[in-house]
Every structure is written in C-alpha cells, then in structure tokens.
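Engineer: Sending over a structure as structure tokens; questions will come in a sec.
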Amino acid sequence: MLKDAVHYSVAENEPVRLVQVTDPHLFADPEGQLLGVNTTNSLQAVLNTFIATKYPADLLLATGDISQDYSPESYQHFVDRIEALNLPCHYLPGNHDDPRLMALRMQGEKVFGQQLIVVGAWIILMLDSTVRGKPGGYMGDQQFALIDAAIKAHPNKHVLLVMHHNPIMMECAWLDQHCMMNGADFLARTSRYPQVKGVLWGHVHQQVDKVHVGPHGDIPLMATPSTCIQFKPLSSYFALDQVQPGYRLLELAGDGSIRTNVYRVPGNRFSPDNEANGY
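Laid out in structure tokens, this is it:
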C-alpha cells in the first residue's frame, strides 16, 4: 500500500515549518481571469507576500485546483512561479485538476506528487479526495488504507492529513453541495488514531480554524484562502468576498501541537467582479 515516501532530515525536537497555498485556478494564458481576477497575478502577489516575510519554511504544500482550464501550460506556470521560493513543493489534485496532466507537467527538481512525507516527528499524508467529473469529494477506501498503512509503518510519528475537499459543512448552502460526501465518517475514522493531530484542506476559498473533538483530544481543522477569489462565508447563495488572497503558515511541533496563522496580500489590489460568471 505504501509507495514511495519523501524523507526530510529535520530533528524530531525541531518544528516542521510549512507554507500552504491552494486553489490558484491558473490558465494557459497568463492574462486569464476568474471572476474578474487575474489568477496568475494574484498567485504571484501571494508568493511575493510570503517571500517578503523571510519565513524559514521547510516545505510548500499545494492543495489542489492548480488549474482552471485543464491546460498543460497552467501547471507549468505554477511550477515556474514557485521556483523563486526554493522550497520542496508537494501537491495533490483538486476537482478542477486533471491528475494525468498534473503528473506530466508538475515536474521539477523540487516538485513532488508522492502522498507520504516523513519529516521530523511527523508524517504528512497528501490525500486524494477527488471524484472524477464531480465538484464534490469523497475519501475512498484506498486513501483510508494509505492512512492506516502509513501510521502502522510510523507509529511514533504525529500525523497531518492534507486534502482538497472540506470534511465539515461550511454553513454555506451552495458550497456545502460540493463538500467531501463522507466527511463525518472520515473524521470519525481518522480520529481513532491517537497519532492524527491535524486536518488541512483548500477548496472553500476562505479561512476556517475549528476543532474536531476526538477520542484522543481536539484535532485542529484548517482551511485556507485561495490565492485568487474568495467565497463569502455563511452565504446561502454564490457570493464573493472582498478580502484579499492569502496563504497559511503552520509550525508542527515535536510534541504534536500545531501553531498556525493565515496571512493575506496587503492592500486592496484584487477585487472580484460579483456580476461575472465562469467559476
């Protein structure tokens, strides 16, 4: 069940520092816009904002919807843009992605599609929650088997589960139609493992920081803003938020705790068009 893992040499008593970007929705044409926002420019602004902090990250996690138009060029644009970070990048697919094209075009010396990352006192599992041809997600048996095998192979490591789709409802009627369909079961099953210390996703184009009360304690549940447009929280209909694109930083401590925060592009440079369509 366990295929190739990627190992990094971080001391077990040292924190693992991550930066997460998600849902850039890039086009073959760098001038392409999604609902009035140039997604190439907004991704670059997010990356520039992160670079300016000089934060000593160990890894970059890209959690899906890299492409908006399923083009080979959109994936190449992403690889080209992240090169300046000089970080290993681990990616997983979203519902807007073509996994075959991702595997072919998300290539580079520091770009990885493997699902198991072993780093410091942690393992990070990059799970595939996509269902071909559908915007919603589902965590299949193969992914549960991967979780089980990885924990059995590394029983003394803490675990961060990473995916594209939200396993909890957003209280946003239109968006909750496209959640992980078996999200409640996913959380019930994975929280039985005392090693699981956090769940991280994208897809919802907004920040979420909640907890799941499991049999072994509280598990942080975290969603991260898109690098392009943002969805208005708690909206019963499709609506865009005016807050700026962002990213998330996480510090995974050797004791299994997680420190995290979301940061956004400063100013008011990216304003979506609420009258536009095409998402």
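Residue 1593, in this note's numbering, is where the sequence shown stops; the numbers in between run on with no holes.
Using N, Cα and C, we set each Cβ at its ideal position, and we do this for glycine too.
Out of curiosity, what's the CA-to-CA distance linking P1317 and H1478?
Structural biologist: Position check: residue 1317 holds Lys in this sequence, whereas Pro was assumed. Answer to the nearest angstrom: the Cα atoms are 20 Å apart.
Engineer: What runs of the alpha helix (DSSP H), each 4 residues or longer, lie entirely inside the region 1448-1520?
Structural biologist: Whole alpha helix (DSSP H) segments, 4+ residues: 1455-1467, 1487-1490, 1497-1504.
Engineer: Would you give the residue range spanned by the beta strand (DSSP E) that E1565 belongs to?
Structural biologist: Looking at the DSSP string, the run of the beta strand (DSSP E) that includes E1565 is 1560-1566.
Engineer: Quick one, are the C-beta atoms of K1524 and L1535 less than 7 Å apart?
Structural biologist: In contact: K1524 and L1535 (Cβ atoms closer than 7 Å).
Engineer: CA-CA distance, D1462 and V1433?
Structural biologist: About 18 Å.
Engineer: Any idea which residues DSSP pairs C1542 with across the strands?
Structural biologist: BP columns for C1542 are empty, so no partner.
Engineer: State the CB to CB distance for the pair G1512 and V1360, rounded to an integer number of angstroms; the pair is presumed to be in contact (CB under 8 Å).
Structural biologist: Not confirmed; about 22 Å, so no contact.
Engineer: Taking C-alpha atoms, which residue in H1404, P1529, G1497 lies nearest to Y1507?
Structural biologist: Here the closest residue by C-alpha is P1529.
Engineer: What is the DSSP secondary structure of I1431, reduced to helix, strand or coil?
Structural biologist: Strand at I1431.
Engineer: Identify which residue in L1399, K1424, Y1384 has its Cα closest to the Cα of N1409.
Structural biologist: The candidate whose alpha carbon is nearest that of N1409 is Y1384.
Engineer: Which residues in the same chain as P1413 place their Cβ atom closer than 6 Å to its Cβ, once the five residues preceding and following it in sequence are excluded?
Structural biologist: Closer than 6 Å at the Cβ level, and outside the excluded window around P1413, lie P1407.
Engineer: Please classify P1370: does DSSP put it in a helix, a strand, or coil?
Structural biologist: Here P1370 sits in coil by DSSP.
Engineer: Among the residues of its own chain, which have a CB less than 8 Å from the CB of S1550, if the five just before and after it don't count?
Structural biologist: Taken in chain order, the residues that qualify are C1486, A1487, W1488.
Engineer: Starting from I1533, trace the beta strand (DSSP E) in both directions and tell me its first and last residue.
Structural biologist: Looking at the DSSP string, the run of the beta strand (DSSP E) that includes I1533 is 1531-1537.
Engineer: Where in the region 1341-1406 do unbroken runs of the alpha helix (DSSP H), each at least 4 residues long, occur, reported from the N-terminal end onward?
Structural biologist: Those alpha helix (DSSP H) runs which fall completely within the region 1341-1406 and span 4+ residues are 1353-1367, 1386-1396.
Engineer: Once you ignore the five residues that flank Q1428 on each side, which residues in its own chain have a CB closer than 8 Å to its CB?
Structural biologist: K1317, D1318, A1319, V1320, H1404, M1440, listed in sequence order.
Engineer: Using a 10 Å radius around the Cβ and a threshold of 16 neighbouring Cβ atoms, would you call V1471 buried or exposed?
Structural biologist: This sequence places Lys at residue 1471; Val is not what is there. Burial call: buried.
Engineer: Is it buried or exposed for Y1389, if we count other Cβ within 10 angstroms and need 16 for buried?
Structural biologist: Burial call: buried.
Engineer: Could you tell me whether the Cβ atoms of P1386 and L1415 are closer together than 7 Å?
Structural biologist: Yes, they are a contact pair.
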